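Okay, so the sequence shown: first residue is 21 according to our numbering, each after it adds one.
Note that the Cβ used here is the ideal one computed from N, Cα and C, for glycine as well.
Here the structure is a predicted model, which means the values were calculated and not measured.
Note sheet for the following structure.
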Amino acid sequence: MFEITKSTIVNSLKNLNSSRINTNSLTLNSIKKLELNNLDLSLEISLNSADSTEVKNEIINHLKKDFIELKNVNLEISSKSTSKVSTHKDARKDAVLPGVKNTIAIASGKGGVGKSTVAVNLAVALAKDGASVGLIDADIYGPSIPLMLGSNDKPKVYQAENSVKMIPLESHGIKFMSIGLLVDDKAPIIWRGPMASGAIKQFMTDVNWGELDYLIFDLPPGTGDIQLTLVQTIPLTGAVIVTTPQEVSLIDARKALKMFERVNVPILGVVENMSYFIAPDTGNRYNIFGSGGGEKICKELNTTFLGGIPIDPRIREGGDAGMPMVYGIPDANETSILMDISRKFTEQVNIRNSNASDKIEILLGDQD
Ligand SMILES: Nc1ncnc2c1ncn2[C@@H]1O[C@H](COP(=O)(O)OP(=O)(O)O)[C@@H](O)[C@H]1O
Ligand SMILES: [Mg+2]
């Protein structure tokens with residue numbers, strides 16, 4: 021039995037052990053209202069769940085067991101509305117991933133610029149705002165998503181109608197899959213382009229992603245054969261380019277942008293990472309890798325600047341500890357920056373999808 025406060029109630033919900041509810045996502049982004057009036061509790065939760073009566077009883081019983089003094093638990097379950105998120109209508113995507121509204125590549129010219137860090141934090145930020153999100157670690161030579169999401173379990177498999185399917189892992193409110201979960205992480209992976217794209221294809225077709233607003237792909241760095249094959253394998257809504265501000269990284273970011281242009285994948289914007297460092301003792305700002313590079317290539321190549329992320333040891337620590345910054349330190353200034361980037365990103369997806377549907381209408385109009 022615990023003292024009844026808002027935070028003990030949230031904690032209790034975190035420990036709810038149910039096969040029907042993803043408790044991580046429940047406490048992260050699904051509690052819409054929590055009011056405590058003496059011993060009356062009013063809760064509103066939004067969930068993606070088919071059998072909401074059973075879920076409702078399960079939650080009420082759980083809370084009443086933890087807090088026997090509670091008089092009333094008034095629980096409302098609303099279905100999680102993801103209608104805010106627009107859909108990329110595309111025959112090729114719908115054929116492989118019918119339940120997925122948008123497929124997004126996170127790419128960079130160079131490695132080590134923070135692509136995986138951005139992919140993980142963007143995915144969790146979108147989930148915090150209520151979207152359902154999946155993340156595919158497509159960096160098959162250097163998978164880092166299991167480490168960054170703090171989960172290294174073997175995915176469960178089951179026999180579906182015609183094939184064996186995998187269930188993606190879940191962490192911090194998002195689903196994910198990585199080659200790192202399937203192979204020994206000490207052995208190097210030696211794959212040629214077609215094998216790499218085969219593995220990514222399988223991550224699309226043989227994993228039960230369910231309904232998702234976004235499926236995000238953390239691509240390998242560079243613009244070689246393998247990247248090109250992958251970009252042509254995944255039916256993409258659009259790509260986000262990650263770069264650091266200095267010229268040596270921008271050169272390769274430009275190449276990545278051009279590669280997507282060549283295969284007609286829209287660029288949704290550029291994220292500049294490691295933009296500056298604020299010294300914690302003096303508050304002074306240091307532009308360690310220069311400044312303004314991200315904005316510069318956006319102007320040059322006519323794309324949107326989604327934002328700049330400072331260097332912060334807590335971002336690195338969060339990555340190594342499997343606790344993304346936006347999840348682990350929700351009130352940090354860097355978290356607000358990452359949340360703003362994710363909202364700008366959503367805007368760009370919506371603009372892209374409405375432009376695309378205008379195009380379809382124009383084409384249909386042309387037929388008359
Ligand atoms: N803004 C940042 N502040 C501090 N450390 C960062 C930041 N962005 C990335 N890192 C760290 O830099 C390293 C490389 O980042 P990573 O996301 O793995 O790059 P990539 O996927 O592009 O190779 C990781 O250790 C990561 O934690
Ligand atoms: Mg990476």
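Item checked: GLY258: first and last residue of the uninterrupted beta strand (DSSP E) it sits in -> 258–263
_Selected residue, minimal CA-CA separation from PRO265, among ASN81, ILE287, ARG112, GLY313_ = GLY313
Exercise. Tell me where the beta strand (DSSP E) around PRO330 begins and ends.
Key: 325–331
Spatial distance of ILE357 from LEU235 (CA atoms):
22 Å
Bridge-paired residues (DSSP) for ASP157 | SER198, ASP238
Start and end residues, beta strand (DSSP E) containing ASN57: 51–57
As assigned by DSSP and simplified to three states, the class of MET345: helix
inquiry  = If you reduce the DSSP assignment to three classes, tell me which class ASN307 lands in.
reply    = coil
Have a look at LEU56, TRP229, LYS52, VAL30 and flag the residue whose alpha-carbon is nearest the alpha-carbon of VAL177. TRP229
To the nearest angstrom, report how far apart ASP272 and GLU64 are at their CA atoms. 47 Å
- Does DSSP classify GLU267 as helix, strand or coil? helix
Check: In this structure, does DSSP put ALA151 in helix, strand or coil?
Finding: coil
Spatial neighbours of VAL251 in its chain, beta-carbon cut-off 6 Å, leaving aside the 5 residues before and after:
VAL283
Exercise. What do you reckon, is the C-beta of GLY162 under 7 Å from a heavy atom of ligand 2?
Worked result: yes
### Task
Between the Cα of LEU61 and those of ASP149, ASN35, ASN37, GLU96, spot the shortest distance and give me the residue it belongs to.
GLU96
- Exposed or buried, which one is GLU354 when buried takes at least 16 other CB atoms within 10 Å? buried
Going by Cα to Cα distance, which pick from PRO333, TYR161, LYS84, ASN172 is closest to ASN241? It is Pro, not Asn, that sits at residue 241 in the sequence shown. Per the Cα distances, TYR161.
Closest Cα partner of ILE51 within the set LYS91, ASP149, ASP332: ASP149
MET186 and SER136 - do their beta-carbons sit closer together than 8 Å? no
Any heavy atom of ligand 1 closer than 7 Å to the CB of MET343? no
Specify whether the region 252–260 and the region 310–325 touch according to this definition: at least 3 beta carbon pairs, one from each stretch, less than 8 Å apart.
no
Smallest Cα separation from VAL227: which of LYS206, GLY119, LEU277, ALA216? GLY119
>> Assuming contact is defined by CB atoms lying nearer than 8 Å, are THR243 and SER217 in contact in what I supplied?
In response: no
- Message: For PHE22 and THR28, what's the separation of their Cα atoms in angstroms?
- Response: 7 Å
| message | So, under 8 Å CB-CB, ALA145 and VAL369 are touching, yes? Tell me the CB distance rounded to an integer number of Å. | response | Not a contact, Cβ separation roughly 13 Å.
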